[in-house]
Structures are given as structure tokens and as C-alpha cells.
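**Q** Quick one: the structure is below, questions incoming.
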Amino acid sequence: MVDYLVALIHQYCDRKKRPQGPPATPIELTLEKTSTNTSGTSKWSEIEIIEETEVNIPAKQKSPTNTKITNKTVYTTDPVFESDEYIRPVIDVIRASVRDNKNKILQYCFGFILILFVFGMLDTINGWTRTGAWMRDLLFSPTIEIATIPDKAEFYLDGRKLAGKSPIEIANISPGVHQLEIVREGFKSIKKSLFVPLEGKVQIQGEEKDGGPDYLFRFVTEVKINSNPQGAHVYLNGVRLNQKTPCTIKWEAGTPFALELERPGFNRLTDFSLNGSNGAKSRRHWEVKVLENEDAKYSVNGIFEKRMVLETRPRDVEIYDLKSNRRLIPEPGNTILLALGSHKLEFRKASFISKKIDLNITENSSNKIIAALSRNVRFTATSTSGHNADIGANLISLKSSSREFLKRRTKTPLTLALPAYTYKAVFTKAGYQRTQITVGPNSRNVTVRMKVAKAVVDVTVLDALSGQPISGVDIYYIPGNNLNAPQSPFAKTDLKGRGLGQLPSGKYLFTVNYRGFRPLTRNLLVRAGESYALVFKIYPSH
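In the working numbering, the protein residues as written are 1 to 542.
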């Protein structure tokens, strides 16, 4: 290639610079190389041969390059121009450049060819250009890739069931129009016409696909919607429908399905969605069923809840729904939400007896729940006289807010399971005063201190002669009949001659003693809780 380029350069220079003169004569030269340039090559590398007249050059004539002339026949022009001095550097540069960059040029050429080859292969596979699509259809049989939502659907081509389930690739389809049916349990089947041309990609009637051969089909089903109670407004994806529960809605699997129900007097039901790929997403306020062998795939039932106000004793109790086996957390305001129907609730708190109640909640039922937990309360009764032993007092009344909680009288010591209220308890015992105490809502051990009951004795002192009352008379008593026992003061008469006092049950010896009158003694048997009158008529001592 380089030699060809050098020859062209020589021919061009000859045509431009060759003078018009007499024809050249052939000469015979003998050349012998006597010196070389620094690069190790002959200084004269080419001599243009011109077919002219032959001339002879003397044998001893030397060229400017110190060459030795031998018997050689060459052709030259006459006169000789030095145009080669300008051409030779160009030729040397071209030769050196080709010699030094030969590998790089080969690498660039190989890389360019490789890029064209790879692009051609990818274009053939993906059909980016018309040429690539033509090559793909020429090399490969027509195929189509189909995906469905939900997946795992079955395919029938012209009534023949195909192997595999979606996503699926159907290959080796003969040219023409074919009937494609996609079937999945619980959804209506999808029927499409499949057109396979002689050239070009497979097409599905009514479907467009840009950027690839895959097709995506979504199954359509019906969703039955109901609520408890019925008659709720239906919202789908934030839009209120002109329907109330119960109703039926068509849904395309994979598309948004956010359902809300609203009914006056109840909390609004939200946070429900359907996902055709992963099934139904259900929360506590929703019941979802997957129907079998029906056109409708899902049945959704919204469960409305009624807000109930809690009144519990004590407060801060734990509440459990025994039917659903879950704990109910009261909301602010001490309220809970319960669905319509029957419920069995259990209230718990440490150191209290758990309480279970049955509820039947309707639209018209009360919205209050009253529950009082009981605790065990132990009652004992002792005397104020200093004895700590139980005296066996009778509990005759136990009331809270005028309601009597005592079903039968009983004696101390005793233990009762009492709801966490405040009570008034009344105790009695023969020989003791009637005693009433207050029992707090958190009391666990209650001891009543009872005072010994006393009899009321009214003593009157009169002058036996005149019958007039005598004031200032000292009255003494001695327990029992022992006259030698020390006397205890009982009372002193007033202006009416009366002295009033109280004594426990028993037998006593009363004595009156007044200056100028004779002392007088009398016996009296008294019983606690009763009143007695004792009259002394004394005579003057002279």
C-alpha cells in the first residue's frame, strides 16, 4: 500500500516538472554502494527508469554519493531536476508512521468490527431496528410472553391447554389467527385473539405493547360488601358510591381498592385494601372471606363498633374480651369500642377478685358499662375494756348508697367479698353498745371496737316526813352484795333530789348518806340498755 502511494507521488511530480527536450539516450551504469546514511539504508533507494534512448556513461565517473559504477543499464532524463529531494522526506514520514502505528490501526479496525457484530446480535434479539426485527423473525419462531395479576393462571390456545402457568412464554406459534383463553380460579376468564403474521411480532387484538413483547392482563372479579349493621355508605378510593351495604362492586385485580364504610352513630371504618397479588389485607374491624366456585372472589364485611363508657371500681382495671381472647385498651375518656352483638368481658386488677360480665350490645342499648371488682374484707370485733380477743359481735347491716349488701346476719370474725364501694356497717352484741363504722373501698382488714353497754339508773332522795326532795345528797354503790367492799360514788342529787348515772349489767348495793339524816341502803339488779328508777325516803337522825 505504501509502495503504491510512493509511485503515485512520483508520477504526479514527473508530470508537473519534466521539461520538453530532446529524447533521452540510454546509458549503461555500474553502481556499487560505498556509503550508507545513519539509518543503515542506501541514500538512493529508488531510481526512476524512463524508457528513452540508451546512453553510455564512462566507467570511472563517480556519483555524488560515492558509489562505484558497474556495468548496469539505467534510464534517466536529461536534464535532471532535484524534485526528489522534496518528495523523499514525505515518503520517509509515511513509511515511518505506518511502521510505528500498524498495531494500533489493526486494533481500531478490529474493535469497530466487534462493536458492529455485538450490536447486530443484540438488535436481532431485541428488535430495536427493523433490520434486527426482520432477522429475529427469520432466525426465531414467533413467541410471546404473557403475565397476569394475580399470577399462576392457565392458558388455552385454540382450546388446547398449554403447559405451565403465568408468567409464561408461548413459542412455536404457527402464522394466522388463534384464540387465546386465560383462566384462573375465582376470576372471570380472559379471551383474546392472537395474530401471528408471517413477518413481524405477535399481536394481541385490542392490546398495545411498546418497548417489548410482554403483555400484562388483570383479572376482573366481583367483591361483595356488607356491614354490621347494614345500610352503611360505601367509599371506594375516597369516592362515595351511590350504594349502601349490602352491595357488589367489580374490581380489576392489581388496581387500587381502598374501602371505607360510614354509618351515623358509629365509628367510621377505614384501613382496608385488596391486593390481587398478595390476597386481602384485613384488620380488626373487617371480616374477609375468599369465596369458592363463585363469580365473586371476595366477601368483605365491615364490623361497626359502638363507643362504650366505662365506670369501674377501682379505676385502671385491665379489660379482656374472652370471645376474641384479646385485651381491650381504653381510649381517652375511659371508653372502649365494641361491635354489636354479645360479648363476655373480664375485668382484672391486682389484689382484687376478677369479675366477668355478659353484654348484649345493640343500636339502642345503653352505652355504659358498670363493673365493680370485689376484694376480701375480714371483720373482727373487740371490747374497749382492753381485751383483744374477738367478742363475737353480730353484723346486722352493710349498706352502700342506701343499698343493702348483707344477705344474712353473721358473727365476727368473718370474711366477705365486697365490691370496691364505701359501706356503713352496724354491729350489736348483748352487753355492748350498738356500734356503726365506715368501710372504705380499699379496706382489707376491719376491726370494730365496741363499748360495754350500761343501764340508766335514776335515783331520787326524799324527806320521809315532809315528802320534799333533798338536794346535795351523796349516792354510793357497791357491786354485788359485799358490804365490806369499798363504795364508789354514783351521783349527787340536784335541787329536785335526783341523781342520774349509768352502770353495767349486774347486781348493785346503793347507799345514800346525808348529814342530819339516817343512812339508807337498797339492792338493785340492772341490765344493760334498760332504765331504772330508785327512790330513797330518809328520816332525820333525831
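Glycine included, each C-beta is placed from N, C-alpha and C at the ideal position. Treat the numbers as computed from the prediction; the structure is a model and nothing was measured.
1) Under the three-state reduction of DSSP, which class applies to F427: helix, strand or coil?
2) If you measure between the beta carbons of P489 and D474, is that distance less than 8 angstroms?
3) For V526 and G516, what's the separation of their Cα atoms in angstroms?
4) Could you check how far apart the C-beta atoms of V446 and V377 are, in whole angstroms? I think they sit under 8 angstroms.
5) S397 and L406: beta carbons closer than 8 angstroms?
6) Quick check on this structure: which residue in A153, V317, N267, G111 has the alpha carbon closest to the alpha carbon of R184?
7) The beta strand (DSSP E) with G341 in it runs from where to where?
8) What is the rounded straight-line gap between the Cα of K429 and the Cα of G440?
9) Can you give me the C-alpha to C-alpha distance between P167 and D151, rounded to a whole angstrom?
10) With distance defined between alpha-carbon atoms, name the residue in I329, T221, S365 nearest to G265.
11) What separation, rounded to the nearest whole angstrom, lies between the Cα atoms of F187 and L216?
12) In the DSSP output, what is I396 paired with across the bridge?
13) Note down the Cα distance separating S354 from I319, rounded to an integer number of angstroms.
14) Which of the three DSSP states, helix, strand or coil, is assigned to Y156?
15) Give a yes or no on whether the C-beta atoms belonging to Y532 and V457 are separated by under 8 angstroms.
16) According to DSSP, simplified to helix, strand and coil, what is T384?
17) What do you get for W251, buried or exposed, if any count of 16 or more other CB atoms within 10 angstroms of its CB means buried?
18) Buried or exposed, going by whether 16 or more other CB atoms sit within 10 Å of the CB of V257?
19) Please confirm whether G472 and K492 have their CB atoms less than 8 angstroms apart.
20) Distance check for P469 and T511, CA to CA, integer angstroms please.
21) Which first and last residues belong to the beta strand (DSSP E) in which E145 is found?
22) So, at 6 angstroms on beta carbons, what are the nonlocal neighbours of T36 in its own chain, with the 5 sequence-adjacent residues on each side left out?
23) Taking only the alpha-carbon atoms, compute the straight-line gap between I146 and A163 and give it to the nearest angstrom.
24) Assign F110 to one of three DSSP states: helix, strand, or coil.
25) Within 10 angstroms of the Cβ of T38, are there 16 or more other Cβ atoms? Answer buried if so, exposed if not.
26) Report buried or exposed for K72, applying the criterion of at least 16 other Cβ atoms within 10 angstroms of its Cβ.
27) Of all the options T410, T460, L395, P413, which has the alpha carbon lying nearest to the alpha carbon of T438?
28) Residues in the same chain with beta-carbon distance under 6 angstroms from G547, minus the five sequence neighbours each way, listed in chain order, please.
29) Residue ranges of each beta strand (DSSP E) run of no fewer than 3 residues wholly in the region 446 to 533, ordered along the chain?
30) Between the beta-carbon of K344 and the beta-carbon of L373, is there less than 8 angstroms?
31) Counting Cβ pairs closer than 8 angstroms, one from the region 413 to 420 and one from the region 377 to 390, do we hit at least three?
32) With DSSP as the reference, label L328 as helix, strand or coil.
33) By Cβ distance, which residues of its chain are closer than 8 angstroms to T41, with the 5 residues on each side in sequence left out?
34) Use the C-beta contact count for E260: other C-beta atoms within 10 angstroms, 16 or more gives buried, fewer gives exposed.
35) Write down the C-beta distance between E287 and N267 rounded to the nearest angstrom, noting that I regard them as a contact closer than 8 angstroms.
36) Relative to the alpha-carbon of L509, which residue among D494, F304, I478 has its alpha-carbon at the smallest distance?
**A** In brief:
1) DSSP places F427 in strand when its eight states are reduced to three.
2) Cβ atoms of P489 and D474: closer than 8 angstroms.
3) One alpha carbon belongs to V526, the other to G516, and they sit about 30 angstroms apart.
4) Rounded, the Cβ-Cβ distance is 6 angstroms, consistent with contact.
5) Pairing S397 with L406 gives a Cβ-Cβ distance under 8 angstroms.
6) Out of A153, V317, N267, G111, the CA that lies nearest to the CA of R184 is found in A153.
7) Run containing G341: 341 to 348, per the beta strand (DSSP E) assignment.
8) The alpha-carbon separation between K429 and G440 amounts to approximately 23 angstroms.
9) For P167 and D151, the distance between alpha carbons rounds to 7 angstroms.
10) If you compare the alpha carbons of I329, T221, S365 with that of G265, the shortest gap goes to S365.
11) Taking the straight line from one Cα to the other gives about 16 angstroms.
12) Per DSSP, none; premise fails for I396.
13) If you take the alpha carbons of S354 and I319, they lie about 10 angstroms apart.
14) Y156 carries a strand assignment under DSSP once its states are collapsed to helix, strand and coil.
15) It is a contact, given that the beta carbons lie within the stated cut-off.
16) Looking at T384 - three-state DSSP - the assignment turns out to be coil, as it is neither helix nor strand.
17) In this structure W251 is buried. Its beta-carbon is surrounded by 16 or more other beta-carbon atoms within 10 angstroms.
18) Sequence check: residue 257 is Phe here, not Val. Looking at its Cβ environment, which holds 16 or more other Cβ atoms inside 10 Å, F257 is buried.
19) K492 sits close to G472, with the two beta carbons spaced by under 8 angstroms.
20) Rounded to the nearest angstrom, the two C-alpha atoms are 16 angstroms apart.
21) Boundaries of the beta strand (DSSP E) around E145: 144 to 149.
22) A caution first: T36 carries a pLDDT of 42, below 50, which makes its placement in the model too unreliable to give a value.
23) Rounded to whole angstroms, the gap between the alpha carbons of I146 and A163 is 13 angstroms.
24) In this structure, DSSP gives F110 a helical state, which the three-state scheme calls helix.
25) Confidence is the limiting factor: at T38 the pLDDT is only 42, short of 50, which leaves the residue's position unreliable, though a coordinate-based value still follows. Looking at its Cβ environment, which holds fewer than 16 other Cβ atoms inside 10 Å, T38 is exposed.
26) Low confidence applies here, because K72 scores a pLDDT of 44, under 50, leaving its location unreliable; read the following figure in that light. Answer is exposed; the Cβ neighbour count stays below 16.
27) Residue L395 is the option with its Cα nearest to T438.
28) The requested residue 547 does not occur in the structure, where the chain is confined to residues 1 to 542.
29) Counting only runs that start and end inside the region 446 to 533, the beta strand (DSSP E) elements of at least 3 residues fall at 454 to 463, 474 to 479, 488 to 492, 498 to 504, 506 to 513, 520 to 526.
30) No, the pair does not count as a contact, with Cβ atoms beyond the cut-off.
31) They touch, by the three-pair rule.
32) It is a strand residue.
33) With a pLDDT of 41 at T41, under the threshold of 50, the predicted position of this residue should be treated as unreliable, and no value is reported.
34) Burial call: buried.
35) With a Cβ gap of about 16 angstroms, E287 and N267 do not count as contacting.
36) Taking only the C-alpha atoms, the option nearest L509 is I478.
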